[in-house]
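Asker:
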Amino acid sequence: MPKLRTLLALLLIGSTSAACVDLGDLLGKKEKKSSRDDDDDDDDDKDTKKKKKKAKKDDKKDAKDDAKDDAEKEPGMLGDTGFRPEKHGYAFRNTGGRFPLTPPVVDEKVMVKLFGKSSCVGGDVEDCKLTPAAGEWAFMINRAMNGGQCEGMAVSALTFFKGHDKLDKFMSGATSVHNLQRESVTPLIGYYWAYQAVNPVQTHVYKSRFTATPNNVEDQLLEMWKKGEYATLGFWGPPGQGGHAVTPYAVEDKGGGIHHIKIYDNNYPDTERFIIIDRNANTWKYDVAAINPDVPKMPWSGTAENHSIVVIPLDLRLKKAECPFCKKKKKKKTVVPRSTTITITDDQGRRIGVDGDKEVNEIPDAEVIDLNAFMEGADAASSKIYILPDESEYEIAIAGKDDKAEGDENGVSVFGDGTAFTIAGVKNKKGEKDVLTLGQNEEDVKYKPATGRMPSIKLSLDDDDGGGTQVQIGGLKSDAEDGEFELKLDKKTRKFKLGGGGKSTDSYDLKIRNVSKGEADDVSEEKGIKFKRGESHDVDAKKPPKLAPGAKRTPLRIGKGSFVPKPKAIRKPKPEAPKTEPPKPEGSRPGVQLGPKPGTPPTAAPKPVQPPAIKK
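Numbering (this note's numbering), first residue to last: 71 to 686.
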């Protein structure tokens, strides 16, 4: 019988119906059945049967032990969302830009999507023309995106994965995010990138930088995934290196307290990457530039003490964005340095910003946010946003980041209650500090250059009826430590006033732009306006009456007088510190310390608490 069955099996292998059956499986089944037949033929051999039964039990026990050993050698997934970089991530890599040499990513349509009619002249969202303050904010965001679009790519990959954004709206026939072309989704990437510069995302990230630890970041992800909620991760390198944003999708236990958070890093399409979490030491580590051999390796790491990795829930990007430049009841100032470092001091002498090599924040209710814009191969950059309570006059010391003093990009932008002040072309080298003073009413500024090289200054005001006025002044000369300029644009009368100057001051260039709904911009511009130290000039910046056909525009009418400096605000004494400090939550720290300090030892921790696994 056994020989006959084997022969039949060999005949079946040659038939088409048996072609998809594995030869070993087919013969194995027949051989097992033949063994059972042999056993039946030897029923009287009881000892042989007992030995075979014992052997089968031993084999089963050995198999269980082997499985147990394999599980210990290859620990399984603690959580998995099903997201995969090669399918749900973009096929193209993260990129920066060259704005303003290239078109803006955050344009009128993106601004309408972010802030609605508040960003448009006359509230016209169908044919939106940005208000002066909105235009300055969009300009600032587009410049900041030159360093990389990682934040927008990390978020939008998730919105497609969750179905908040639909593929067919961006590319006909696309079956996955991997099919999408960069050009079709660039505005969407810019939209989600900009969200990190507004609330509710800003405040969430700021607060998380006081409490988040590597272990609770992992735990938070796993708990969110159980509920069907998703998030991106933001993490920051050593001071000056900026931050990066990635999409986490799984957590794997590698044994010995080492866990891997698997991530889609848009700097490396189609590549499985992971952040190492040491549950014993409560630390994280990630090599942000580990693939390209031509790029130096940049291992970033952090501990439970420096709070340099945070979870940013996707839901925050689905809520309404708070406008930082619109007219509002709860007033705050938003200060954004560009390629400069700043120290901001309030009228009580409290500071926020960079003091030497340290980050400081002594001002109550003030916040500092690091924007995520890391891109492999690009110069490391750190873009910050400072949020200030609107209860004080502020003095901003502006210093160069290095010994290069070139480019119009270097400067500071300030946004407030329907206002924007833009300082462009700061030419300070490292150690040289200009001083910008902001009045509390957001109408006037004072500027004192450290070297006599004056930047251009732009003041923008939005009207209640949705229009606005913008005044730009440039070409001013001054002297090192000798000469301060005062500028004011009155919100009600639209009168522009310039006073002060230095020994070398002789002239300036002036450009006034008025915008209104349904009409072309009205622009008045004059260059080389004579101006000496001690003078005061008044200019009516309101939109002039319409000209009759063929009539020529009359020159700007400038009223001249003597300059009377505005008295410097008396600095209030700092409030005395309380004798006893209230207990601080675990992980809190005074001031702001962004990014891990090089050489900081890992924080010792008790036995790691293993997070719960997600059942598939």
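Glycine included, every Cβ here is placed at the ideal spot set by N, Cα and C.
Given the structure is predicted, the values throughout are model-derived calculations rather than measurements.
Using the Cα positions of S409 and E479, report the straight-line distance between them to the nearest angstrom.
Answerer: Here residue 409 corresponds to residue number 339 of the sequence shown, with the count starting at 1. Here residue 479 corresponds to residue number 409 of the sequence shown, with the count starting at 1. Roughly 7 Å separates the two Cα atoms.
Asker: For K499, name the three-state secondary structure that DSSP assigns.
Answerer: Taking the sequence shown and counting its residues from 1, one reaches residue 499 at position 429. Here K499 sits in coil by DSSP.
Asker: For L292 and G149, what's the separation of their Cα atoms in angstroms?
Answerer: Sequence index remark: in the sequence shown, residue 292 carries index 222 (1-based). Sequence index remark: in the sequence shown, residue 149 carries index 79 (1-based). If I take the Cα positions, the gap works out to 6 Å.
Asker: Is any non-hydrogen atom of the ligand MG found closer than 7 Å to the C-beta of P308, if you look at the structure I gave you?
Answerer: Only the bare structure without any ligand can be found here, which leaves the ligand MG out of the picture.
Asker: Since N431 sits in a beta bridge, which residues does DSSP pair it with?
Answerer: To locate residue 431, count along the sequence shown from 1; it is residue 361. The partner list for N431 (beta bridge, DSSP) reads I422.
Asker: Going by the CB atoms, is the gap between N498 and A469 shorter than 8 Å?
Answerer: The residue you call residue 469 lines up with position 399 of the sequence shown. The residue you call residue 498 lines up with position 428 of the sequence shown. Their beta carbons are under 8 Å apart, which means A469 touches N498 by this criterion.
Asker: Helix, strand or coil for Y265 per DSSP?
Answerer: As a first step, residue 265 must be located in the sequence shown, where it is residue number 195. Residue state, collapsed to three classes: helix.
Asker: Here's the rule I'm using: 16 or more other beta-carbon atoms within 10 Å means buried, otherwise exposed. How should P155 be labelled?
Answerer: The residue you call residue 155 lines up with position 85 of the sequence shown. Buried is the call here.
Asker: Mind reading off the beta-carbon distance from F601 to T563? Whole number of angstroms is fine, and I expect it under 8 Å.
Answerer: In the sequence shown, the residue the question calls residue 601 occupies position 531. In the sequence shown, the residue the question calls residue 563 occupies position 493. That belief does not hold up - the Cβ atoms of F601 and T563 are roughly 21 Å apart, past 8 Å.
Asker: Any idea which residues DSSP pairs E596 with across the strands?
Answerer: For the purposes of this step, residue 596 is identified with residue 526 of the sequence shown, where counting begins at 1. The partner list for E596 (beta bridge, DSSP) reads L580.
Asker: Determine the burial state of R168: buried for a count of at least 16 other Cβ atoms within 10 Å of its Cβ, exposed for fewer.
Answerer: Reading the sequence shown from its first residue, position 98 is the one you call residue 168. The residue in question, R168, is exposed, as its Cβ has fewer than 16 Cβ neighbours within 10 Å.
Asker: Quick one: is S453 buried, meaning 16 or more other Cβ sit within 10 Å of its Cβ, or exposed?
Answerer: Stepping through the sequence shown from its first residue, residue 453 is reached at position 383. Classification of S453: buried, given that the 10 Å Cβ count is 16 or more.
Asker: Tell me where the beta strand (DSSP E) around V405 begins and ends.
Answerer: As a working note, residue 405 is residue 335 in the sequence shown. Run containing V405: K402 to R408, per the beta strand (DSSP E) assignment.
Asker: Between the C-alpha atoms of D427 and H234, what's the straight-line distance to the nearest angstrom?
Answerer: Within the sequence shown, residue 427 is the residue found at index 357, counting from 1. Within the sequence shown, residue 234 is the residue found at index 164, counting from 1. Taking the straight line from one Cα to the other gives about 42 Å.
Asker: Which residue wins for smallest C-alpha separation from F231, given the options S378, T411 and Y319?
Answerer: In the sequence shown, the residue the question calls residue 231 occupies position 161. Of the listed residues, the one whose Cα sits closest to F231 is Y319.
Asker: Please report the residue range of the beta strand (DSSP E) in which H607 lies.
Answerer: Along the sequence shown, read from residue 1 onward, the residue named residue 607 stands at position 537. Residues E605 to D610.
Asker: Which word fits E221, buried or exposed, when buried means at least 16 other C-beta atoms lie within 10 angstroms of its C-beta?
Answerer: Along the sequence shown, read from residue 1 onward, the residue named residue 221 stands at position 151. Under this definition E221 is a buried residue.
Asker: Alpha carbons only, please: which of L506, S254, P308 and F491 is nearest the one belonging to Q540?
Answerer: Taking the first residue of the sequence shown as position 1, residue 540 is located at position 470. Residue F491 is the option with its Cα nearest to Q540.
Asker: With a cut-off of 8 Å on the beta carbons, I'd call G538 and P202 a contact; round off their distance for me.
Answerer: Stepping through the sequence shown from its first residue, residue 538 is reached at position 468. Stepping through the sequence shown from its first residue, residue 202 is reached at position 132. G538 to P202, Cβ: 4 Å. Contact.
Asker: In whole angstroms, what separates the C-alpha of V271 from that of Y265?
Answerer: Reading the sequence shown from its first residue, position 201 is the one you call residue 271. Reading the sequence shown from its first residue, position 195 is the one you call residue 265. One C-alpha to the other measures close to 7 Å.
Asker: With a 10 Å radius around its C-beta and 16 neighbouring C-beta atoms as the bar for buried, classify D435 as buried or exposed.
Answerer: For the purposes of this step, residue 435 is taken as residue 365 along the sequence shown, with counting starting at 1. So D435 counts as exposed.
Asker: So, are the CB atoms of G553 and G572 less than 8 Å apart?
Answerer: In the sequence shown, the residue the question calls residue 553 occupies position 483. In the sequence shown, the residue the question calls residue 572 occupies position 502. In this structure, G572 lies closer than 8 Å to G553 by Cβ.
Asker: So, using beta-carbon positions, are Y456 and T415 closer together than 8 Å?
Answerer: Start at 1 with the first residue of the sequence shown, and residue 456 comes out as number 386. Start at 1 with the first residue of the sequence shown, and residue 415 comes out as number 345. No. Outside cutoff.
Asker: Do you know whose CA, among R603, L384 and I331, lies nearest V275's CA?
Answerer: What you label residue 275 is simply residue 205 of the sequence shown in a count that begins at 1. For V275, the nearest C-alpha among the options comes from L384.
Asker: What are the start and end residues of the beta strand (DSSP E) that includes P383?
Answerer: On the sequence shown, position 313 is the one that residue 383 refers to. P383 -> beta strand (DSSP E) spans I379 to P383.
Asker: Is it the case that the stretch 324–338 contacts the stretch 346–354, given that we only count it when at least three CB pairs across the two stretches are under 8 Å?
Answerer: With a cut-off of 8 Å, the stretch 324–338 and the stretch 346–354 count as touching, because enough Cβ pairs lie within range.
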